[in-house]
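To keep things clear, I will list the structure first and then write my remarks on it.
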Amino acid sequence: MNDFFTLPTLACLVIGYLLGSIPFALVIGKVFYKTDVRNYGSGNLGGTNAGRVLGAKAGAAVIACDILKVVIAIAFSALISPSVSIWTGLAAAIGHCYPIFAHFKGGKAVATMFGFLLATSIFTFHNAWYLIVPLVVFLILLVLFKMVSLSSMCAAIASSLFITYMQWGHLPIIVASWMMSALILYRHRSNIRKIVHGEENKISWL
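Numbering-wise (the working numbering), the sequence shown opens with residue 2 and increments by one.
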């Protein structure tokens, strides 16, 4: 825990938050499409809403950029320690959800979560299973239920369970992982209500 009380660690957390706060859905929408995606669809600054409003190419670009910003944050913070890198990834996800550059109204952190899983599997744990396990859970549930929200929430929980099992005894890493899952669940609280009432949107291409 001593590495948490240093200036480099605090700098990583701040930089992680600021990187996460870059609203690529807003930037891409305004620069290339002259459209503020906050005024359409769900109003979220995420890849799903960007794709719905601006088209598949724009949505894919937003998702790629949202993944990349978390990967960058974790990559440089992993030079300090594994626990600092995972907390920096969490800071980036919080920045995505509550971006200082967009009045603290962002996305639901699905793309940033997968950026978090990708980066931690490479730079933090050096083990691809940290990405593969939640990704398989996501894909199976997506095929079965055709709901991105449900699949994303279950993938987040699966990730935290796997990290808890694999990193038992490393409390800072486990806590950060469960905070990430809690953030995902909280940001999807409206989707949870819709799922309960059978009103959640389903994808049509599966």
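Every residue gets a Cβ at the ideal spot worked out from N, C-alpha and C, and that includes glycine. Note that the structure is a prediction, hence the values are computed from the model and not measured.
Pairwise C-alpha distance: residue j and residue i
i    : j    : result
K117 : M181 : The amino acid occupying residue 117 in the given sequence is Phe; Lys does not appear at that position. The alpha-carbon atoms of F117 and M181 are separated by roughly 9 Å.
G47  : H171 : 32 Å
I174 : A93  : 15 Å
H198 : H189 : 14 Å
A61  : R194 : 27 Å
A157 : A120 : 15 Å
V38  : N192 : 19 Å
S122 : K109 : 21 Å
L143 : G56  : 21 Å
Boundaries (first-last residue) of the alpha helix (DSSP H) holding residue i
i    : result
W130 : 130-146
Y41  : Run containing Y41: none; DSSP gives neither H nor E here.
K31  : 25-34
G107 : Counting along the chain, G107 falls outside any alpha helix (DSSP H), and DSSP gives it neither H nor E.
N50  : 48-55
Simplified DSSP assignment, three categories, for residue i
i    : result
N192 : helix
D37  : coil
A65  : helix
I164 : helix
P100 : coil
A79  : coil
F126 : coil
W169 : coil
G73  : The amino acid occupying residue 73 in the given sequence is Ile; Gly does not appear at that position. Reduced to three states, the DSSP call for I73 is helix.
Expected contact under 8 Å - CB spacing of residue i and residue j to nearest Å
i    : j    : result
A51  : V63  : 4 Å
S152 : F139 : 5 Å
M148 : K203 : 6 Å
A74  : I29  : Rounded, the Cβ-Cβ distance is 20 Å, inconsistent with contact.
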